[in-house]
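Working notes for the structure below.
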Amino acid sequence: MCGRSLWSPSPVGLLKRRHRLPHPSTAKAFEFSPEGIASVLKLNKLAVPPYQREYAWSVEEVKQLFTDLANAKFGNHDYFLGTIVTIPASEGDALEIVDGQQRLTSTALFLAAMRNYLKTLPSTAMIVESIENEFLTTIDRRAGSRVPRLRLNVDDNEFFLRLTAADPAAPAIATRESHRRLEEAFREAHAAVKRLVAPVSEAEHAAQLNDWLEFLEHSATVILLKAPDGAQAFRMFETLNDRGLKTSQVDLVKSYLFGQANRRIAEAQAKWSSMRNMLEEIDDSDRGINFLRHLLIASREFTRADDVYSTVQKSVRGEAVSITFLSDLEQYSRLYVATFRADSEQWGAYPAEAIAALQVLNQFDIKPLRPLILAVTKAFAPAEAAKALSFLVSFAVRLLIASTTRSGSIEESIAATALSVWEGTTSSTALLKASMAKIVPDDRVFQEAFATTSSSKADFARYYLRSLEKAFNQDPEPWTVVNDDPAQITLEHIIPKTPRLEEWTEFDAETHPRYVRRLGNMCLLQRGTNSNARSDRFDDKRAVYLASPLHWTSTVGGLAGWSPAVIDSRQAEMAKLAVKAWPI
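Going by this note's numbering, the residue at position 296 of the sequence shown is 307; the numbering climbs one at a time, nothing skipped.
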């Protein structure tokens with residue numbers, strides 16, 4: 012929320028303008044209410060669940076909050092701080108904060124700083140008592156004790172309680188970075204309180220802070236959203252969360268599993284941490300949700316990206332089952348990460364064919380194939396896995412060329428095969444091929460698609476051309492080629508991307524864009540010759556092509572001219588060989 016102010020006399024109206032609310036039929040389970048942010052603390056018991064990050068605001072962000080609040084109050088504006096999203100806690104009557112921890116914690120620190128300052132003034136006992144007993148703590152009659160209105164996560168809570176206690180039994184000693192941030196925020200809160208009372212006489216300090224308490228309770232407004240459960244809360248994120256980092260399904264899954272783990276929470280935390288640390292090796296900001304989804308698809312059922320939390324909630328219930336699932340996450344995260352790294356020690360006993368296949372598959376990184384790759388490497392012996400992965404390379408290329416990698420039916424069919432492999436029903440490459448026969452582009456479809464395909468990705472085009480070169484030379488495994496070093500072997504567009512069309516008379520402004528990225532218009536050259544010939548006329552480049560040891564390059568040098576018809580003819584010849592380069 013920092014860095015900008017959102018003032019509105021009508022928070023509900025602003026919410027409706029800024030966010031697309033759910034259809035009334037789907038919103039019945041949700042409760043929306045505009046509340047002052049201090050009222051949210053006053054009227055509820057709130058808890059930060061275990062999955063939430065620690066207190067993370069910098070002192071600059073805290074200062075910005077207090078500055079924005081001051082500008083709004085002194086300008087007689089209401090101040091809208093966005094949406095606080097909550098779900099019922101698994102036990103008791105508290106609300107778990109799905110989104111809004113930083114704002115609520117900073118506000119609680121502000122209130123505690125006001126209380127501390129008021130304690131130094133005469134005749135303020137009632138205001139002090141109101142802040143302490145209404146906004147910061149409440150009475151738990153069953154426990155017979157005073158409990159905080161806001162409870163942070165396990166790493167921050169004890170420090171936060173000592174830091175904000177009216178009469179701390181022991182000093183708060185910072186042992187974590189989040190503790191130091193809380194300390195800095197609390198110091199800034201005390202400084203802000205002094206700034207607020209500075210313009211008035213000391214006799215008016217209590218009244219000034221009481222006005223501020225009224226403002227925080229009634230005019231510094233949030234929309235408090237109470238969702239029935241975590242899955243429903245997630246459904247709202249795309250429309251109701253535009254502040255800070257979005258809480259992800261991964262966080263919700265973590266919270267749910269920790270809750271189910273019950274007495275074995277420490278064990279659950281250790282397994283989750285092990286999984287998370289392992290996944291850090293994958294350079295992908297979505298690695299967590301991708302792994303969860305791909306493992307669910309491979310081992311349980313087809314799961315769409317938005318349904319990961321729901322699938323876990325439906326299928327993982329109880330202490331023992333949750334720990335078993337967390338053990339699976341820990342175990343298979345290692346194998347999953349290894350599939351992204353052909354140099355992993357995991358593949359020490361595997362044939363070179365398997366490692367080469369993984370390199371190619373990782374180059375293409377077709378997400379729907381990930382569950383099947385995981386299942387194959389989990390269920391098949393090394394030699395059989397090598398055969399299966401080799402087939403998947405051909406399958407992947409055929410899907411890419413036929414432009415069917417994004418088909419929903421294709422993805423579900425691949426997922427069904429992955430589950431069958433995982434469970435042992437499909438136990439060989441032959442059965443794998445049979446299972447996927449209906450979705451593999453056959454030779455005719457593949458050849459026709461290859462004859463007209465274009466490639467905007469240079470690394471893909473280099474791979475295709477090198478594989479075709481090996482296929483021409485009758486290499487038994489032409490598909491195993493991974494990109495040659497682009498510093499040595501580079502991609503040449505025969506008619507350049509930016510030609511002088513007067514020197515390429517067979518092309519015009521309409522045909523050039525359609526043909527420049529066709530594979531038939533590309534060849535491979537050594538880096539120096541490519542840079543020397545890059546934008547020359549075709550006749551001037553023929554000698555460079557002719558001198559190349561590569562078949563698909565040297566044959567270009569033997570042509571009398573270059574035209575769309577020549578590209579079509581050359582690519583048709585490539586297409587005939589493609590069915591041999593990527594066989595099924």
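All C-beta atoms, glycine included, are put in the ideal place defined by N, C-alpha and C.
query, result
"Terminal residues of the alpha helix (DSSP H) in which residue 476 lies", "469-483"
"Proximity of residue 527 and residue 508 at Cβ, strictly below 8 Å", "yes"
"C-alpha distance - residue 98 paired with residue 91, whole-angstrom precision", "21 Å"
"Closer than 7 Å: residue 117 CB and nearest the ligand ADP heavy atom", "This structure does not include the ligand ADP; it has no bound ligands of any sort."
"Residue 158, buried or exposed, once every other Cβ within 10 Å from all chains shown has been counted against 16", "exposed"
"Rounded separation between residue 395 and residue 285 - CA only", "30 Å"
"Whole-angstrom distance between residue 502 and residue 469, CA atom to CA atom", "7 Å"
"Range of the contiguous beta strand (DSSP E) that encloses residue 109", "106-110"
"Other residues of its chain near residue 183: CB distance less than 6 Å, five sequence neighbours each side excluded", "170, 173, 174"
"Coil, strand or helix - residue 234 by DSSP", "strand"
"Residue range of the beta strand (DSSP E) that includes residue 222", "No beta strand (DSSP E) contains residue 222, which is instead part of the alpha helix (DSSP H) from 216-229."
"Residue burial classification, residue 85 (beta-carbon count within 10 angstroms, cutoff 16)", "exposed"
"Candidates 342, 241, 304, 279, of which the one nearest residue 289 by Cα", "342"
"Beta-ladder partner(s) of residue 91, from DSSP", "232"
"Candidates 401, 194, 120, 282: closest to residue 227 by CA position", "120"
"Check whether residue 588 and residue 535 have beta carbons under 8 Å apart", "no"
"For residue 352 and residue 305, the rounded distance between their alpha carbons", "17 Å"
"Cβ pair residue 334, residue 272 closer than 8 Å", "yes"
"Boundaries of the alpha helix (DSSP H) in which residue 452 is found, first to last residue", "Careful: residue 452 lies outside any alpha helix (DSSP H) and carries neither H nor E."
"For residue 266, the nearest candidate out of 584, 491, 337 (CA to CA)", "337"
"Collapsed DSSP secondary structure at residue 99 in the structure displayed", "strand"
"Check whether residue 264 and residue 320 have beta carbons under 8 Å apart", "yes"
"Beta-carbon separation (whole angstroms), residue 160 vs residue 148, contact threshold 8 Å", "6 Å"
"Contact set for residue 407: own chain, Cβ-Cβ below 7 Å, skip 5 residues either direction", "372, 375, 377, 380"
"Option in 189, 480, 197, 168 with minimal Cα separation from residue 76", "197"
"The region 44-51 / the region 222-236 touching (three or more Cβ pairs under 8 Å)", "yes"
"Cβ shell of residue 154 (< 7 Å), same chain only, five flanking positions each side left out", "none"
"Short Cβ contact (8 Å threshold) for residue 382 with residue 361", "no"
"Rounded C-alpha distance that separates residue 358 from residue 480", "28 Å"
"For residue 570, three-class secondary structure by DSSP", "coil"
"Same chain, Cβ closer than 8 Å to residue 329, five either side skipped, listed in chain order", "271"
"The beta strand (DSSP E) enclosing residue 500, as first and last residue numbers", "500-504"
"Buried or exposed by the 16-neighbour rule on C-beta atoms within 10 Å, applied to residue 532", "buried"
"First through last residue of the alpha helix (DSSP H) which encompasses residue 70", "70-85"
"Separation of residue 409 from residue 594, as counted between CA atoms", "9 Å"
"Whether residue 490 touches residue 592 by CB criterion (8 Å)", "yes"
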